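Below is one structure, written out as C-alpha coordinates; comments come after it.
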Amino acid sequence: MTSDTVNDVTEIEHDEAQPAFRVTSGRERGYHRAAVDTFLAAARDSFERGLDELTATDVRVASFPLVKAGYVVSDVDAALGRIEDAFAARQRQRVVHEVGVDAWVVQARSGAQTILDHLARSRRRKFARTGILSFGYRVDEVDHVAQRIVRYLRDGDALSVEQLRSAAFRMQRRGYREEQVDALLDATIDVILAVR
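So the number in my numbering is just where the residue sits in the sequence shown, counting from 1, plus 549.
In C-alpha coordinates:
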(Lines of atoms letter the chains of each structure in order from A and count residues from 1; the text may use other names and numbers.)
(Lines give C-alpha, C1' and ligand atoms only; values in the text may rest on other atoms or scores of the structure.)
Protein backbone atom coordinates (compact mmCIF):
# COMPACT_ATOMS: atom_id res chain seq x y z
CA MET A 1 0.00 0.00 0.00
CA THR A 2 1.13 3.55 -0.50
CA SER A 3 1.93 5.59 2.58
CA ASP A 4 -1.42 7.39 2.25
CA THR A 5 -3.22 4.08 2.03
CA VAL A 6 -1.44 2.68 5.07
CA ASN A 7 -2.29 5.89 6.93
CA ASP A 8 -5.96 5.41 6.04
CA VAL A 9 -5.86 2.05 7.76
CA THR A 10 -3.48 2.72 10.66
CA GLU A 11 -5.34 5.75 11.99
CA ILE A 12 -7.99 3.44 13.40
CA GLU A 13 -5.44 1.60 15.52
CA HIS A 14 -3.64 4.54 17.10
CA ASP A 15 -6.40 6.46 18.78
CA GLU A 16 -9.74 4.90 19.57
CA ALA A 17 -11.17 8.29 20.59
CA GLN A 18 -10.25 9.83 17.24
CA PRO A 19 -12.36 8.43 14.37
CA ALA A 20 -10.49 7.35 11.24
CA PHE A 21 -12.83 9.43 9.03
CA ARG A 22 -15.25 12.31 9.39
CA VAL A 23 -18.50 11.30 11.07
CA THR A 24 -21.96 12.21 9.82
CA SER A 25 -24.28 14.35 11.90
CA GLY A 26 -27.99 14.99 12.12
CA ARG A 27 -30.11 12.77 9.91
CA GLU A 28 -27.31 12.02 7.47
CA ARG A 29 -26.31 8.37 7.45
CA GLY A 30 -22.81 7.04 7.01
CA TYR A 31 -20.99 3.74 7.00
CA HIS A 32 -21.07 1.74 10.23
CA ARG A 33 -17.83 2.71 11.94
CA ALA A 34 -16.95 -0.64 13.50
CA ALA A 35 -17.63 -2.49 10.24
CA VAL A 36 -15.35 -0.13 8.30
CA ASP A 37 -12.63 -0.26 10.97
CA THR A 38 -12.71 -4.06 11.02
CA PHE A 39 -12.52 -4.32 7.24
CA LEU A 40 -9.65 -1.82 6.98
CA ALA A 41 -7.70 -3.60 9.72
CA ALA A 42 -8.10 -6.90 7.85
CA ALA A 43 -7.04 -5.24 4.58
CA ARG A 44 -3.97 -3.75 6.18
CA ASP A 45 -3.00 -7.05 7.78
CA SER A 46 -3.47 -8.95 4.52
CA PHE A 47 -1.47 -6.41 2.52
CA GLU A 48 1.40 -6.01 4.95
CA ARG A 49 1.81 -9.75 5.46
CA GLY A 50 1.62 -10.38 1.72
CA LEU A 51 -1.38 -12.67 2.12
CA ASP A 52 -3.94 -13.34 -0.59
CA GLU A 53 -6.88 -13.26 1.80
CA LEU A 54 -8.19 -10.09 0.14
CA THR A 55 -8.03 -8.99 -3.47
CA ALA A 56 -8.70 -5.72 -5.27
CA THR A 57 -12.11 -7.11 -6.19
CA ASP A 58 -12.89 -7.85 -2.52
CA VAL A 59 -12.11 -4.24 -1.68
CA ARG A 60 -14.25 -2.96 -4.57
CA VAL A 61 -17.33 -4.93 -3.55
CA ALA A 62 -17.04 -4.28 0.19
CA SER A 63 -20.24 -2.85 1.61
CA PHE A 64 -21.19 -1.53 5.01
CA PRO A 65 -24.49 -0.82 6.78
CA LEU A 66 -25.66 2.80 6.75
CA VAL A 67 -26.26 4.26 10.20
CA LYS A 68 -26.53 7.62 11.95
CA ALA A 69 -23.20 8.96 13.21
CA GLY A 70 -21.36 6.75 10.72
CA TYR A 71 -18.31 7.52 8.66
CA VAL A 72 -18.88 9.94 5.76
CA VAL A 73 -19.45 7.69 2.73
CA SER A 74 -17.33 9.70 0.27
CA ASP A 75 -14.32 9.69 2.64
CA VAL A 76 -14.43 5.91 3.09
CA ASP A 77 -15.05 5.30 -0.62
CA ALA A 78 -12.01 7.41 -1.53
CA ALA A 79 -9.83 5.43 0.91
CA LEU A 80 -11.20 2.14 -0.43
CA GLY A 81 -10.35 3.27 -3.96
CA ARG A 82 -6.72 3.85 -2.97
CA ILE A 83 -6.58 0.50 -1.18
CA GLU A 84 -8.07 -1.27 -4.22
CA ASP A 85 -5.43 0.37 -6.42
CA ALA A 86 -2.67 -0.87 -4.10
CA PHE A 87 -3.98 -4.44 -4.12
CA ALA A 88 -4.34 -4.37 -7.92
CA ALA A 89 -0.78 -3.07 -8.36
CA ARG A 90 0.58 -5.82 -6.12
CA GLN A 91 -1.38 -8.45 -8.02
CA ARG A 92 -0.07 -7.09 -11.33
CA GLN A 93 3.53 -7.21 -10.03
CA ARG A 94 3.13 -10.80 -8.88
CA VAL A 95 1.66 -12.00 -12.16
CA VAL A 96 4.27 -10.17 -14.22
CA HIS A 97 6.99 -11.71 -12.04
CA GLU A 98 5.50 -15.22 -12.38
CA VAL A 99 4.48 -15.32 -16.06
CA GLY A 100 6.14 -12.28 -17.61
CA VAL A 101 4.94 -9.04 -19.12
CA ASP A 102 3.84 -10.60 -22.40
CA ALA A 103 1.45 -13.04 -20.69
CA TRP A 104 0.08 -10.20 -18.56
CA VAL A 105 -0.59 -8.09 -21.66
CA VAL A 106 -2.30 -11.03 -23.38
CA GLN A 107 -4.51 -11.53 -20.34
CA ALA A 108 -5.45 -7.83 -20.21
CA ARG A 109 -6.18 -7.77 -23.96
CA SER A 110 -8.35 -10.86 -23.63
CA GLY A 111 -10.38 -9.21 -20.87
CA ALA A 112 -10.76 -6.06 -22.96
CA GLN A 113 -11.87 -8.05 -26.01
CA THR A 114 -14.49 -9.90 -23.96
CA ILE A 115 -15.93 -6.56 -22.85
CA LEU A 116 -15.89 -5.17 -26.40
CA ASP A 117 -17.63 -8.29 -27.72
CA HIS A 118 -20.38 -7.89 -25.12
CA LEU A 119 -20.84 -4.19 -25.83
CA ALA A 120 -21.02 -4.80 -29.59
CA ARG A 121 -24.67 -5.72 -29.06
CA SER A 122 -27.16 -3.25 -30.46
CA ARG A 123 -28.22 -0.15 -28.58
CA ARG A 124 -30.85 -0.77 -25.88
CA ARG A 125 -30.03 -4.51 -26.01
CA LYS A 126 -26.62 -4.69 -24.40
CA PHE A 127 -27.88 -6.40 -21.24
CA ALA A 128 -30.86 -8.51 -20.16
CA ARG A 129 -33.91 -6.55 -19.01
CA THR A 130 -35.95 -6.81 -15.84
CA GLY A 131 -39.59 -7.92 -15.95
CA ILE A 132 -42.46 -5.57 -16.80
CA LEU A 133 -43.17 -4.89 -13.11
CA SER A 134 -39.51 -4.74 -12.02
CA PHE A 135 -37.03 -1.92 -12.00
CA GLY A 136 -33.52 -1.96 -13.41
CA TYR A 137 -30.85 0.50 -14.44
CA ARG A 138 -32.00 3.15 -16.89
CA VAL A 139 -31.15 1.87 -20.36
CA ASP A 140 -30.06 5.13 -22.02
CA GLU A 141 -27.72 6.00 -19.14
CA VAL A 142 -26.07 2.58 -19.15
CA ASP A 143 -25.71 2.69 -22.95
CA HIS A 144 -23.98 6.07 -22.63
CA VAL A 145 -21.43 4.66 -20.16
CA ALA A 146 -21.05 1.58 -22.37
CA GLN A 147 -20.10 3.83 -25.30
CA ARG A 148 -17.48 5.54 -23.17
CA ILE A 149 -16.04 2.14 -22.27
CA VAL A 150 -15.93 1.12 -25.94
CA ARG A 151 -14.17 4.36 -26.88
CA TYR A 152 -11.64 3.80 -24.08
CA LEU A 153 -10.88 0.20 -25.06
CA ARG A 154 -11.00 0.65 -28.82
CA ASP A 155 -9.79 4.20 -29.38
CA GLY A 156 -7.85 5.05 -26.23
CA ASP A 157 -10.20 7.82 -25.09
CA ALA A 158 -9.80 8.91 -21.48
CA LEU A 159 -11.71 6.96 -18.84
CA SER A 160 -10.70 6.59 -15.21
CA VAL A 161 -11.40 3.98 -12.59
CA GLU A 162 -12.88 6.74 -10.43
CA GLN A 163 -15.43 7.59 -13.12
CA LEU A 164 -16.57 3.97 -13.28
CA ARG A 165 -16.57 3.56 -9.51
CA SER A 166 -18.84 6.57 -9.17
CA ALA A 167 -21.18 5.65 -12.05
CA ALA A 168 -24.77 5.77 -10.82
CA PHE A 169 -27.88 5.05 -12.82
CA ARG A 170 -31.47 6.01 -12.25
CA MET A 171 -34.02 3.21 -12.19
CA GLN A 172 -36.76 2.44 -14.71
CA ARG A 173 -39.26 -0.33 -15.35
CA ARG A 174 -37.86 -2.95 -17.73
CA GLY A 175 -34.40 -1.51 -17.19
CA TYR A 176 -31.13 -3.38 -17.54
CA ARG A 177 -30.43 -6.01 -14.88
CA GLU A 178 -28.22 -4.43 -12.26
CA GLU A 179 -26.02 -7.48 -11.64
CA GLN A 180 -25.04 -7.74 -15.32
CA VAL A 181 -24.18 -4.06 -15.63
CA ASP A 182 -22.24 -4.09 -12.35
CA ALA A 183 -20.27 -7.17 -13.45
CA LEU A 184 -19.25 -5.48 -16.70
CA LEU A 185 -18.21 -2.30 -14.88
CA ASP A 186 -16.12 -4.42 -12.49
CA ALA A 187 -14.47 -6.23 -15.42
CA THR A 188 -13.66 -2.89 -17.04
CA ILE A 189 -12.13 -1.60 -13.82
CA ASP A 190 -9.99 -4.74 -13.67
CA VAL A 191 -8.72 -4.04 -17.20
CA ILE A 192 -7.96 -0.40 -16.42
CA LEU A 193 -6.10 -1.34 -13.23
CA ALA A 194 -4.18 -4.03 -15.13
CA VAL A 195 -2.76 -1.59 -17.65
CA ARG A 196 -2.03 1.36 -15.38
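Backbone N, C-alpha and C fix where the C-beta goes; we use that ideal spot for every residue, glycine too. None of the values given here were measured: they were computed from a predicted structure.
- Per the Cβ contact rule, the segment 576–586 is not in contact with the segment 701–717 (fewer than 3 Cβ pairs under 8 angstroms).
- About 5 angstroms separates the CB atoms of Gly685 and Tyr725; that is less than 8 angstroms, so the two are in contact.
- Taking C-beta atoms as the reference points, Leu615 and His581 count as a pair closer than 9 angstroms.
- Of all alpha-carbon atoms in Thr663, Glu602 and Val730, the one lying nearest the alpha-carbon of Arg673 is that of Val730.
- DSSP places Phe588 in the helix class (H, G or I) of the three-state scheme.
- If the five residues before and after Ala661 are omitted, its C-beta is found closer than 7 angstroms to the C-beta atoms of Leu702 and Val740, all from its own chain and listed in chain order.
- Between Ile664 and Leu733, the beta carbon gap of about 6 angstroms places them in contact (Cβ cut-off 8 angstroms).
- Here Gly705 carries a coil assignment [DSSP, helix/strand/coil].
- Secondary structure at Gly685: strand, using DSSP grouped into helix, strand and coil.
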